[in-house]
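Notes follow the structure.
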Amino acid sequence: MLHATVLPILLWLATLAYGFDRKEFLVDGNELPGFTKLKNTKHWTVPKMYAGHLPATRDNDTQYFFWKFENKKTKKNDETPLIIWLNGGPGCSSMAGALMEIGPFRLNKKAEVIKNDGSWHMRGSVLFLDQPVGTGFSYSKEDNEVSELDEVADNFMVFLQNYYATFPDDKDRELILAGESYAGQFIPYFTKAIIKFNEQQRDENSKINIKVMFIGNGWLDPKRQYLSYVPFSLEKGIIKKEDPAFKDILKQHETCQNYINSDHTGHSELSYPPCEAVLGKIISQDKTQCINVYKFDEYDSYPSCGLEWPVDTKFTKQFLTDKKVLAALHANDERSWIECRPDVKLENIKAKPAIELIPSLLESGIELILFNGNKDLICNTLGIDNVLKHLQWEGETGFTDEVQIFDWVYRDDLKSDKEKVAGTVKYERQLTLITIEDGSHMVSYDKALISRDEDEGGSNFKAFFLILSLVSAFIIVAAFYISDYIKSRRHPILVDGDGRSRLNKSVTWASDIENGSFDIEDDDPEFGTEGMEDNMELEDVFSIDEEDEEQLEGVVPESTRKSKKGSKKKGKYFSVPNDDSAEDIELQDIERH
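Taken in order, the sequence shown gives residues -19 to -1, 1 to 574; the numbers are from mature numbering (1 follows the signal peptide of the UniProt record, and there is no 0).
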């Protein structure tokens, strides 16, 4: 009887979260270089900040680092969401997202904070999280590591419960999980864990209010995305059949195809070495220069290939190694901050690709918003199109005739009536796909818009650069409003709640400098190309050996610009002029996802 009574109590105690005093995490902004120069404007407010470490395991061994930004105008019971941002990798710090992407600050050449008018903190509280353990400032006291996505999700849930116990005002806010590239694996796994947690709660007030998954240039389905490299490169003219290296590329593609169709028992289904080599051969045909994997119409010196981008990275490292800054952020300073740590690796022998989780998440009512720049090679639009073409959810496969399609247009000059198409938006059954014309893997950085601000008096005309993008303003608003707008047949893109049209305000965002190996110099002898016939055609090597499934044909899906019933143009998005006169980008050899 004693055992039956005590055991449930012990189990209940094991699930309790630690409630820390939030005041311990308050950041004194005056300790940050340049902070005292910042002033509130009509569209930007100096943020209230919290930062530090919270436990991500029950035994307190693993400590996750976070940096949270609040709009000071946010009230306790308002409806602004909590956005948790995750960079990719695995092993890439989300502090890059905070300082080079969507946070309130940019850094100048002196590593001083300056205002970012496109900050997401004007639309909700934004929390940047270093995870898995070992990433950025997150650490384990006993040097424990994780090897599977389920373990990473468990750690995230422990952190999240400790966070809510410390910041209870955020508990009822809508939660949006956002991120880029390899976060396409993290976010569905974390969402699944949240839903499972909610199902176990008897009290509705204990449930986590998860609403949206937002994934940019995501790594979702390795099989289909790996197989997109050759056909996408042919379509875009990156490679040609007449190229001397084409035969070698095609052989490596066949090796990749055979590996995908083989038994993967004991091996990860999230990373395929022979398929990594395909991309390496495509970008490095010339050993003196190579293609930028993040924007294929740009070149870089070999072997960098565009893998360190943007130049802001060096300012970020300088800022995050400043002892005074680390003290203000309550960050563990026992090891230097590195944007992407190569020693943070997930074996994922048991994990299934996140694409297999997405149908049930959509059917549970979670919104999924995907966006892709069409100049990205590493997570290209053809790969995403093929992923969605074969995705089954709510009894249908892919987008159907009921898909709603929107033109996304802008004006180079707001006073001009001349419009340009910036991209397309597709929506159906809880899923939104945004394709950005001329956008790279780092869309916000690539499509930099430059504007000027004017103080209220007008006598002091101050020039300052706003690093803006075609996507980020859209995604900030889209993540909050697009579902409601579509359902109510209202204008879905870039309209405030009061109906006032918004200018495009957004941010430079970091390259997803992530880890792995292209293996671009030598063939892996373990994966031979014997049996490849010289006259084998490209279309002969694009199929996945899966029962009752259509084969990938290696061609661009037929355009769904107009469905059989006719697409419905729901509105237009207008942005400020585009100017790409950014500083030269310095690149070095860091790897993928």
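By construction, the Cβ of each residue, glycine as well, lies at the ideal position given by its N, Cα and C atoms.
| task | Would you mind stating whether V384 and K407 have Cβ atoms separated by less than 8 angstroms? | result | Going by C-beta atoms, V384 is nearer than 8 angstroms to K407.
| query | Do you know offhand how far L7's Cα is from G(-1)'s? | reply | Rounded to whole angstroms, the gap between the alpha carbons of L7 and G(-1) is 15 angstroms.
| task | Check whether the Cβ atoms of D171 and A146 lie closer than 8 angstroms to each other. | result | The sequence shown places Phe at residue 171, rather than the Asp named in the question. Contact check for F171 against A146 fails: the beta carbons are separated by 8 angstroms or more.
| request: Please name the residue in L260, D267, Q266 whose C-alpha comes closest to that of Y275. | output: Out of L260, D267, Q266, L260 has the C-alpha closest to the C-alpha of Y275.
| Nearest-angstrom Cα separation, counted from K221 out to Q181 | Cα to Cα, the separation comes out at about 55 angstroms.
| message | Out of P113, G354, L63, which one is the CA nearest neighbour of D366? | response | The candidate whose alpha carbon is nearest that of D366 is G354.
| request: Let me know the secondary structure DSSP gives H311 once reduced to three states. | output: Here H311 sits in coil by DSSP.
| task | Put N179 into one of helix, strand or coil per three-state DSSP. | result | Helix, per DSSP.
| Straight-line CA distance for K96 to L13? | About 13 angstroms.
| task | In the DSSP assignment, find the beta strand (DSSP E) that holds A403 and state where it starts and stops. | result | From DSSP, the beta strand (DSSP E) with A403 extends over 401 to 409.
| message | For a minimum of 4 consecutive residues, which ranges assigned as the alpha helix (DSSP H) are wholly contained in the region 120 to 178? | response | Considered as a whole, the region 120 to 178 harbours 130 to 147 as its complete alpha helix (DSSP H) runs of no fewer than 4 residues, in chain order.
| query | Whose CA, out of A32, K18, C73, lies closest to the CA of L327? | reply | The shortest Cα separation from L327 among A32, K18, C73 belongs to C73.
| task | Just mark K232 as buried or exposed, buried being the case when its beta carbon has 16 or more other beta carbons within 10 Å. | result | By the 10 Å Cβ count, K232 comes out buried.
| said: Can you tell me whether N89 is buried or exposed? The criterion is at least 16 other CB atoms within 10 Å of its CB, across all chains shown. | reply: With fewer than 16 other Cβ atoms within 10 Å, it is exposed.
| query | For the beta strand (DSSP E) that contains R205, what are its first and last residues? | reply | Careful: R205 lies outside any beta strand (DSSP E), inside the alpha helix (DSSP H) at 203 to 207.
| message | Within 8 angstroms of any Cβ in chain C, is that where the Cβ of D153 sits? | response | Judged by its chain identifiers, the structure shown contains no chain C, having just a single protein chain.
| request: Grab the span of the beta strand (DSSP E) containing C271 for me, first residue to last. | output: In this chain, the beta strand (DSSP E) harbouring C271 covers 270 to 272.
| message | Does P36 come out as helix, strand or coil in the three-state DSSP assignment? | response | Looking at P36 - three-state DSSP - the assignment turns out to be strand.
| If we count the other Cβ atoms within 10 Å of its Cβ and call it buried at 16 or more, is P149 buried or exposed? | Its Cβ having fewer than 16 others within 10 Å, P149 is exposed.
| request: Can you check DSSP and say which residues form a bridge with N353? | output: DSSP lists T416 as the beta-bridge partner residues of N353.
| query | Shortest alpha-carbon distance to K54 belongs to which of N179, D184, P28, G10? | reply | It is P28 whose Cα lies nearest to the Cα of K54.
| query | From S214 to L358, what does the alpha carbon distance come to, in whole angstroms? | reply | So the alpha carbons of these two residues sit roughly 8 angstroms apart.
| Contacts around V211, its chain only, beta-carbon distance under 6 angstroms, and the 5 residues preceding and following it disregarded | Excluding residues up to 5 positions away in sequence, H234 lie with their Cβ nearer than 6 angstroms to the Cβ of V211 in the same chain.
| request: Figure out for me which residue from K91, K217, S249 has the closest Cα to the Cα of K331. | output: The option with the nearest alpha carbon to K331 is S249.
| said: Assuming the contact rule is C-beta atoms closer than 8 angstroms, T61 and S106 should be a hit. Round their C-beta distance to whole Å, please. | reply: About 7 angstroms separates the two Cβ atoms, so the contact holds.
| By DSSP, does E377 sit in helix, in strand, or in coil? | In this structure, E377 counts as strand in the three-state DSSP scheme.
| Can you tell me whether DSSP reads R3 as helix, strand or coil? | DSSP places R3 in helix when its eight states are reduced to three.
| Do you know offhand how far Y31's Cα is from N52's? | If I take the Cα positions, the gap works out to 12 angstroms.
| query | Can the beta-carbon of R322 be found closer than 8 angstroms to that of T38? | reply | No, these two residues do not count as a Cβ contact at 8 angstroms.
| query | Who are the Cβ neighbours of F227 in its own chain at under 8 angstroms, not counting the five residues just before and after it? | reply | Once the five neighbours on either side are set aside, the close Cβ partners of F227 are I220, K221.
| query | Would you report the Cα separation of Y466 and V127, rounded to the nearest angstrom? | reply | Summary for Y466: the model assigns pLDDT 45, below 50, so the residue's position carries little reliability; its value from the coordinates is reported in the next sentence. C-alpha separation (whole angstroms): 41 angstroms.
| Under 8 angstroms between C-beta atoms of M103 and L158 | For the pair M103 and L158, the CB atoms are not nearer than the 8 angstroms cut-off.
| Contact test: G15 Cβ vs the ligand MN heavy atom, cutoff 7 angstroms | Ligands are entirely absent from the displayed structure, and the ligand MN is therefore not among its contents.
| query | Enumerated in chain order, which unbroken segments of the beta strand (DSSP E) with a length of 3 residues or greater are wholly contained in the region 29 to 103? | reply | Assignment of beta strand (DSSP E) within the region 29 to 103, counting only whole runs of 3 or more residues, yields 29 to 36, 43 to 51, 63 to 67, 86 to 88, 94 to 96 in chain order.
| Presumed contact (8 angstroms Cβ cut-off) between P169 and L338, rounded CB distance | Here P169 really is in contact with L338; their C-beta atoms are around 4 angstroms apart, less than 8 angstroms.
| field | Reference K333; option with closest CA among W374, A312, C237, Q166 | value | When C-alpha distances from K333 are compared across W374, A312, C237, Q166, the shortest belongs to Q166.
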